[in-house]
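Structure first, commentary second.
2 protein chains.
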Amino acid sequence: MCVNILDMQRELKERAGIFVSARDIERTLAALQTTTDIWTTVERSQVPMRVLCALLGILHEQNLIAIEDTQLILTDAGRAFCHEHQIAPWHATTCHTCNGRGVDIASLAGVVSAFREIARNRPEAIQDFDQGYVTEETTLARVAFLWWRGDLDGKEIIVLGDDDLVSIACALTGKPKRVVALDIDDRLISFIDAVSNERELTNLTTLQHDLREPLPDELVGKFDVFFTDPTE
Amino acid sequence: MCVNILDMQRELKERAGIFVSARDIERTLAALQTTTDIWTTVERSQVPMRVLCALLGILHEQNLIAIEDTQLILTDAGRAFCHEHQIAPWHATTCHTCNGRGVDIASLAGVVSAFREIARNRPEAIQDFDQGYVTEETTLARVAFLWWRGDLDGKEIIVLGDDDLVSIACALTGKPKRVVALDIDDRLISFIDAVSNERELTNLTTLQHDLREPLPDELVGKFDVFFTDPTE
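Chains as they are written, first to last, in the working numbering: chain A, 3 to 234; chain B, 3 to 234.
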C-alpha cells in the first residue's frame, strides 16, 4: 500500500527496478489535474514514457486514478492526495509559437512546404516494426534543432530507423554533406529513394538494414552525427 | 602551433586543463562568422564562458581572430580556416518569440509589468561582489522555467545570491510557499526587504550572508528548491 510519495518511489524501485524522482511523481499528478490524455500527460510531466507507465500502474492500484477506455481520470482520492501534498495543477508557461521547443521551423524556409507535400504520400505506420511517426512539425523542429546545434550544415549524418523521414527533411535543406537513412522496412527505403530521385537530393541515400545486426563495416566511423528515435 | 582542431583541443587540455569538444570549436567559429560581440558569441556558440575565453586566447595566438577594443574579428586566416574545415556561419533557427528559451514570460501575467517597475529602482551592479545582472526578461524567463519544471508552485525556494532579483519575481507570482534570498550585499538585502514590505509579499524574506561561509544551520535541509547564478 502506497500512502505517500516515498512509498511510491520504493514500490517502483522494488517491483520494476525503475527510479522515479519525487518531482516526477508530482509533475505527473500536476499534469493529470489538467488532462486525461496519456500523450498530453507525457508532454506536460516530462516524465519518460517507460517510467510514466509504471507509475500510472501504481496510481491506478492505489485508486488515485481511474482508467476509462484510453482516458486517465483522477479519482476523488487522487484529488485529495494532490491537495494534501500541495501538488498544484500544471500551468502553461511554454512558448506558444514554438510549443516550448525553442526552435522555429520557419527558419527552414522552403523546406517546410516541400516536406509537408512529401509526407502526404508516406507509407502507413505498421506495428510490425514498432512504427508510429511523429508529426511533420516535430520532424522539422528536430532538423531546426540539429542546425542550431551545429549538427546539420556540412555534416555527414546517419539516421538509424527513419519512419519520421528525418533524412528527407535534412537533405531538403541542402546543408548536409551526406545523409544516409537505414531502415529494416523496404517500403520506407523505397519511399525515401523515390523522393531522393524525384527531388534530385544527391546527398541522400538509403540502406535496407536490420539494426539488431551490427552496422556494415563500410559505415562504421564514417559519420559526424547519428540520429535515432528509439523505442520507448 | 595549432594547425587543426585536434591540436587546439590538446593545447587547451595541456595548458588550462580545459576540455573543449571539436563541436565547441566549430560552433565558436560558426558564431564568429556572424558577430564580433563576445556575449552574442556565447549565446550562439552555447560554449560555457570559461571554455570560450580559453579558446579565444588560442584563436588569437594563432592569428585566426583579431581583438580590437572589445570586438572579436575573424582574420583572413580565420576565414580560410573555417572554409578549409567546412565550418558554416551560424544560422538562426531559434524561436523569435521566446528567443530559443522555450518559455513564455507572458504566462506570468501581471508579474511582468510589476517586476519591470520594481527593477527600475534596483541597486547598481558593483564589481566588488562580481555582480552584473541579467536582463529583466531573463529573470522572468527563469521564473517561467521554474514553474514549468514544477519548482515554483507550492515550493520552498532558497536563492543563493540575488542581484538578478529572482526572489522578487518568484514571490510576485504568489505561488511559492516561501522564498528566502541570501546575499552578501546589504544594499540588495535592503532593496528586497523594502519591496517585500511595500508589496506585502509575506512569503519573501532575506538574510544577509557571505556564501563563502556555510549556510546557517536553521536553513539546512529546509527547502525544496535552490536557485543560483554562479560566477563564470
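The beta-carbon is built from N, C-alpha and C at its ideal position, and this holds for glycine as well.
Could you tell me the alpha carbon to alpha carbon distance between residue i and residue j, rounded to whole angstroms?
{"i": "alanine 146 of chain A", "j": "leucine 110 of chain A", "result": "7 Å"}
{"i": "lysine 157 of chain A", "j": "tryptophan 149 of chain A", "result": "10 Å"}
{"i": "threonine 38 of chain B", "j": "arginine 25 of chain A", "result": "42 Å"}
{"i": "valine 113 of chain B", "j": "serine 198 of chain B", "result": "14 Å"}
{"i": "leucine 74 of chain A", "j": "cysteine 172 of chain B", "result": "32 Å"}
{"i": "threonine 96 of chain A", "j": "proline 125 of chain A", "result": "33 Å"}
{"i": "arginine 189 of chain B", "j": "glutamate 220 of chain B", "result": "24 Å"}
{"i": "arginine 118 of chain A", "j": "leucine 203 of chain A", "result": "16 Å"}
{"i": "leucine 54 of chain B", "j": "leucine 14 of chain B", "result": "11 Å"}
{"i": "aspartate 185 of chain B", "j": "proline 216 of chain A", "result": "56 Å"}
{"i": "isoleucine 20 of chain B", "j": "leucine 61 of chain A", "result": "46 Å"}
{"i": "methionine 3 of chain A", "j": "threonine 36 of chain A", "result": "With a pLDDT of only 48 at methionine 3 of chain A, under the threshold of 50, the placement of this residue in the model should not be trusted, and no figure is reported."}
{"i": "leucine 34 of chain B", "j": "arginine 122 of chain B", "result": "33 Å"}
{"i": "glutamine 64 of chain B", "j": "alanine 82 of chain B", "result": "13 Å"}
{"i": "glutamate 45 of chain A", "j": "glutamate 16 of chain B", "result": "43 Å"}
{"i": "isoleucine 27 of chain B", "j": "serine 47 of chain B", "result": "9 Å"}
{"i": "arginine 2 of chain B", "j": "isoleucine 40 of chain B", "result": "This structure cannot settle anything about residue 2 of chain B, because the visible part of chain B is limited to 3 through 234."}
{"i": "histidine 93 of chain B", "j": "arginine 151 of chain A", "result": "10 Å"}
{"i": "histidine 98 of chain B", "j": "arginine 12 of chain A", "result": "43 Å"}
{"i": "cysteine 84 of chain A", "j": "valine 5 of chain A", "result": "12 Å"}
{"i": "leucine 209 of chain B", "j": "aspartate 187 of chain B", "result": "10 Å"}
{"i": "leucine 213 of chain B", "j": "asparagine 205 of chain B", "result": "22 Å"}
{"i": "isoleucine 69 of chain A", "j": "glutamine 88 of chain A", "result": "23 Å"}
{"i": "proline 218 of chain B", "j": "arginine 52 of chain A", "result": "41 Å"}
{"i": "cysteine 100 of chain A", "j": "glutamate 86 of chain B", "result": "35 Å"}
{"i": "threonine 77 of chain A", "j": "serine 192 of chain A", "result": "49 Å"}
{"i": "valine 136 of chain A", "j": "alanine 108 of chain B", "result": "28 Å"}
{"i": "phenylalanine 228 of chain A", "j": "phenylalanine 228 of chain B", "result": "36 Å"}
For residue i, write down the residues that DSSP places opposite it in a beta bridge.
{"i": "aspartate 185 of chain B", "result": "B/Gln210"}
{"i": "arginine 180 of chain A", "result": "A/Glu158"}
{"i": "phenylalanine 229 of chain A", "result": "A/Val161"}
Among the options, which has the Cα closest to the Cα of residue i?
{"i": "threonine 207 of chain B", "options": "B/Val161, B/Thr230 and B/Arg189", "result": "B/Val161"}
{"i": "serine 115 of chain A", "options": "A/Glu138, A/Val105, A/Arg124 and A/Pro125", "result": "A/Glu138"}
{"i": "serine 169 of chain A", "options": "A/Lys177, A/Gly176, A/Thr175 and A/Val181", "result": "A/Val181"}
{"i": "alanine 79 of chain A", "options": "A/Leu31, A/Gln48 and A/Val53", "result": "A/Leu31"}
{"i": "threonine 72 of chain A", "options": "A/Ala18, A/Pro216, A/Thr230 and A/Thr43", "result": "A/Thr43"}
{"i": "alanine 18 of chain A", "options": "A/Thr36, A/Phe229 and A/Leu57", "result": "A/Leu57"}
{"i": "aspartate 153 of chain A", "options": "B/Arg29, B/Arg12, B/Ile191 and B/Leu76", "result": "B/Arg29"}
{"i": "aspartate 130 of chain B", "options": "B/Val105, B/Asp165 and B/Arg103", "result": "B/Asp165"}
{"i": "leucine 66 of chain A", "options": "A/Arg201, A/Arg12, A/Arg46 and A/Ile7", "result": "A/Ile7"}
{"i": "methionine 10 of chain B", "options": "B/His93, B/Leu213, B/His98 and B/Gly59", "result": "B/Gly59"}
{"i": "histidine 211 of chain A", "options": "A/Ala183, A/Ala196 and A/Asn205", "result": "A/Ala183"}
{"i": "proline 50 of chain A", "options": "A/Arg214, A/Ala108, A/Ser23 and A/Ala196", "result": "A/Ser23"}
{"i": "alanine 196 of chain B", "options": "B/Ile120, B/Arg52 and B/Arg214", "result": "B/Ile120"}
Report yes if the CB atom of residue i is closer than 7 Å to the CB atom of residue j, and no otherwise.
{"i": "threonine 141 of chain B", "j": "leucine 167 of chain B", "result": "yes"}
{"i": "glycine 134 of chain B", "j": "alanine 143 of chain B", "result": "no"}
{"i": "isoleucine 159 of chain B", "j": "proline 178 of chain B", "result": "yes"}
{"i": "aspartate 155 of chain B", "j": "alanine 90 of chain A", "result": "yes"}
{"i": "threonine 233 of chain B", "j": "aspartate 106 of chain B", "result": "no"}
{"i": "glycine 102 of chain B", "j": "glycine 104 of chain A", "result": "yes"}
{"i": "glycine 176 of chain B", "j": "threonine 230 of chain B", "result": "no"}
Below 6 Å, is the gap between the Cβ of residue i and the nearest heavy atom of the ligand MG?
{"i": "arginine 144 of chain B", "result": "No copy of the ligand MG occurs in the structure displayed, which carries no ligand at all."}
Item to complete: Jot down the residue ranges of each uninterrupted beta strand (DSSP E) in the segment 92–174 of chain A, minimum 3 residues, whole runs only, in chain order.
Response: 158–162
Fill in: Unbroken stretches of the beta strand (DSSP E), 3 residues or longer, contained in the segment 32–101 of chain B
67–70 and 73–76
Fill in: Members of the segment 18–43 of chain B that neighbour chain E once the beta carbon cut-off is set at 7 Å
Absent here is chain E; the protein component of the structure consists of chains A and B.
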